[in-house]
Amino acid sequence: MNRLITFTFFILSFNVQAQIINNNSSFLSEDNNLAIQYYRDGDYEKAVVLLEKMFANPNNEGYFDIYFNSLLKLKRYDVAEKVVKKVMKQHPENDAYPIALGKLYQEKGDVQSANKIFNDIIAKLPKDEFMIRNLANNFYRFENYDLAVQTFKQGRKILANDQLFTYELLNIYRYKKDKPMLMQEYLDILPSTPQLLLQAENVLSMIFEDKSDYQTFQAAILRKIQKAPDAEIYIQLLTWNYIQQQEFDAALRQLIAFDKRTKADGGTLFNASFTFIDNGAYETAIKAYEYLLTKGKENQYYLPSKIEMLNTRYNLQTSGKYSVADLNLLAKDYQGLLDENGKNRNTLFAIKKLANLQAYYLNEPGKAEKGLEEALQIPGIGATDLGQLKLDLGDVYILSNQPWEAFLVYEQVSKQFESQPIGNEARFRSAKLSFYQGNFDYSNGQCQVLKAATSQLIANDALNLSLLISDNIQTPTDSNALKMYADAEMLVFRNLPAQAVKKLDSIAISYPQNGLADAILMIKARIFIKSADFQKAANMLKKVADDFKDGIWTDDALFTLGDLYEKKLNDIAQAKSYFQKLITDYPGSMFSAEARKRFRNLRGDGV
378 MNRLITFTFF ILSFNVQAQI INNNSSFLSE DNNLAIQYYR DGDYEKAVVL
428 LEKMFANPNN EGYFDIYFNS LLKLKRYDVA EKVVKKVMKQ HPENDAYPIA
478 LGKLYQEKGD VQSANKIFND IIAKLPKDEF MIRNLANNFY RFENYDLAVQ
528 TFKQGRKILA NDQLFTYELL NIYRYKKDKP MLMQEYLDIL PSTPQLLLQA
578 ENVLSMIFED KSDYQTFQAA ILRKIQKAPD AEIYIQLLTW NYIQQQEFDA
628 ALRQLIAFDK RTKADGGTLF NASFTFIDNG AYETAIKAYE YLLTKGKENQ
678 YYLPSKIEML NTRYNLQTSG KYSVADLNLL AKDYQGLLDE NGKNRNTLFA
728 IKKLANLQAY YLNEPGKAEK GLEEALQIPG IGATDLGQLK LDLGDVYILS
778 NQPWEAFLVY EQVSKQFESQ PIGNEARFRS AKLSFYQGNF DYSNGQCQVL
828 KAATSQLIAN DALNLSLLIS DNIQTPTDSN ALKMYADAEM LVFRNLPAQA
878 VKKLDSIAIS YPQNGLADAI LMIKARIFIK SADFQKAANM LKKVADDFKD
928 GIWTDDALFT LGDLYEKKLN DIAQAKSYFQ KLITDYPGSM FSAEARKRFR
978 NLRGDGV
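Adding 377 to a residue's 1-based position in the sequence shown gives its number in this note's numbering.
Here it is, written out as structure tokens:
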């Protein structure tokens, strides 16, 4: 706790003292407040006139920093020297004042005198952690950052503990953007304080400017690994460093080498595979799982690796341009998993994935329907999982031209889980089904109910659909255009993107004055995102953000742009600009809280 308090004080510069004083302004005279305001505004001439009177009162020594600093700004070195020497006599035990005198000599250009003072102070450093920290804080207070570092390092030697003062040193190195020392400090402390790994990654990613920084860091990590080959924290850091450079296979090679060298159980590699997946490196993740499978069925990660490899192949082969042959092979592998392990609640994920492949990619909705209906009979499945199975089954009924069956299933789940998220999801799917069918009044009525849903996402989707309907059924022409749009959405639902785009493009030809332009751009953007054509998607979203500032999709478009530039187009500056625009221009958006969180993370706040 003491370390935290000291560290908190340490990161504050001397003007914060004025802020503290100002927060107690009810106890100060008008002159006090005015002096502080002059100081903040940089009007040091006026500030000094008032501060001189205030500092003459022994009870006002708290104003020393701003009075002394104002004199330095005005280059009134003689006055400043008299002031500091006076307080040195009054408080010989306080090393802040000799440091201030050294600072004065530095400002005057008398480096030799300044260094003599500083060296004498550090040479007399006591074997006391609190006093060492306090002295370093005083150096920091007067912006002598290098001397603060020197004090902390000397303190480590005196106290024979290289682990002390790490947080303070990291803070100084980060403030100075001293990349070599920041790298070294993290490398030295991480084995004993592995919880700092995430902080290290965030801080370094903020100050590293190009690939050469990562390569320099990589060389330093490898030197550490040579000395401590079994230190898992360095392998994790090296993996992160490779990932930042998009060198996923290199990261995998290091992880496999570490696993073999330490004769580990594969846990580190298994956990790292999720990082590959998060970065879209599906092929690398699959290689990781293939290696883990070579450890044999007795290994605890064998079955999880087999499962995750199938799911990763699913993500890879259903994104972008997919091959029916590959998907058929994947479906067979899911079926093989079910044949080997049986159909039960533990293999429910495989049943659902297989059904999804059959329904949306392999044109086998009948098989998907049968598989999901059989899954509903599996004993021991929880109520929520059963409800989700029914929703999936309802969707398949739509694909197999059984809308009434779909409607009945949705209604059943909606009533069973009244006012619960899954129940609201069922009601919204029912509303969407009515929308696809052109029954706009009923669909709008369902959406009106859902606008009050506790699930913000469902409520937002319902509101958008309601507004879309209300804005586009004013005339028969509007309704006809909306019906074409609904047909296009149905094609997207059926995973027929090319046909959907063709239908969307025909709306403007048939109904040139339609009001669906922003909605059409949004649905096209989503089609392009699914097919991994991220730049085309970004172009669509930019048109929504630029041309429809008061539209119902604009905040959604801005958030999606930020997400694309952060995760897919690797342009952090653009990502921050779109998140910031969303926060500033659309503070009431359901996306604003997440946008603020993402913006602060990209900016490096809270690290």
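Think of the CB as a built atom: it goes at the ideal place given N, C-alpha and C, for glycine as much as any other residue.
Integer-rounded CB distance, given that residue j should sit under 8 Å from residue i
i      : j      : result
Tyr659 : Asn692 : 6 Å
Gln712 : Leu739 : Not a contact, Cβ separation roughly 12 Å.
Lys860 : Gly815 : 5 Å
Val869 : Ile846 : About 17 Å; that fails the 8 Å criterion.
Leu512 : Asp472 : 6 Å
Asn357 : Ile476 : An answer regarding residue 357 cannot be provided, because it is not within the stretch 378 to 984 covered by the chain.
Ile509 : Leu502 : 6 Å
Tyr415 : Lys450 : That belief does not hold up - the Cβ atoms of Tyr415 and Lys450 are roughly 12 Å apart, past 8 Å.
Ile598 : Leu614 : 6 Å
Nearest neighbour of residue i, chosen from the options [CA to CA]
i      : options                           : result
Gln833 : Ser847, Thr854 and Glu802         : Glu802
Ser843 : Leu827, Phe794, Ala760 and Tyr774 : Leu827
Ile755 : Leu734, Glu741, Leu893 and Thr724 : Thr724
Asn548 : Tyr563, Asn538, Lys534 and Ala537 : Tyr563
Ala628 : Asn648, Lys944 and Ile835         : Asn648
Ala537 : Tyr544, Tyr522, Met560 and Asp505 : Asp505
Thr671 : Asp642, Asn656 and Thr695         : Asp642
Asn521 : Gly479, Ala665 and Lys554         : Gly479
Glu634 : Gly657, Ile620, Ala665 and Phe651 : Note that residue 634 is Ala in the sequence shown here, rather than Glu. Among Gly657, Ile620, Ala665 and Phe651, the Cα nearest to that of Ala634 belongs to Ala665.
Simplified DSSP state of residue i, which is helix, strand or coil
i      : result
Leu405 : Since pLDDT at Leu405 reaches only 46, below the 50 mark, its modelled position is unreliable, and no value is offered.
Phe726 : helix
Ser811 : helix
Asn400 : In this prediction, Asn400 scores a pLDDT of 41, lower than 50, which makes its location untrustworthy; no coordinate-derived value is stated.
Arg370 : Any answer about residue 370 is impossible in this case: the structure gives the chain only from 378 up to 984.
Met967 : coil
Tyr888 : coil
Gln779 : coil
Lys945 : coil
Glu470 : coil
Arg533 : helix
Thr645 : helix
Asn721 : coil
Asp523 : helix
Pro853 : helix
Thr570 : coil
Gly713 : helix
Thr616 : helix
Thr383 : Unreliable placement is indicated for Thr383, whose pLDDT of 38 sits below 50; no coordinate value is reported for it.
Leu959 : helix
Pro798 : helix
Arg551 : helix
Gln621 : helix
Thr671 : coil
Ile494 : helix
Arg453 : coil
Residue burial classification, residue i (beta-carbon count within 10 angstroms, cutoff 16)
i      : result
Phe441 : buried
Ser969 : buried
Tyr552 : exposed
Ile684 : buried
Val426 : exposed
Phe653 : buried
Ser447 : buried
Asn409 : buried
Arg638 : exposed
Ser887 : exposed
Phe542 : buried
Val526 : buried
Asn733 : buried
Arg630 : exposed
Asn496 : exposed
Residue i vs residue j beta-carbon contact at 7 Å
i      : j      : result
Val921 : Leu941 : no
Ile929 : Asn841 : yes
Ala972 : Phe925 : no
Glu741 : Val773 : no
Gly697 : Ser908 : yes
Arg980 : Phe956 : no
Leu770 : Val786 : yes
Lys809 : Val790 : no
Thr690 : Leu715 : Checking the displayed sequence, the identity of residue 690 turns out to be Arg instead of Thr. No; because the gap between Cβ atoms is not below 7 Å, this pair is not in contact.
Gln595 : Asn618 : yes
Ile835 : Phe805 : yes
Pro568 : Ile602 : no
beta-carbon residue i near the ligand SAM non-hydrogen atom, thresh 6 Å
i      : result
Lys767 : Ligands in the displayed structure: none, and consequently the ligand SAM is not present.
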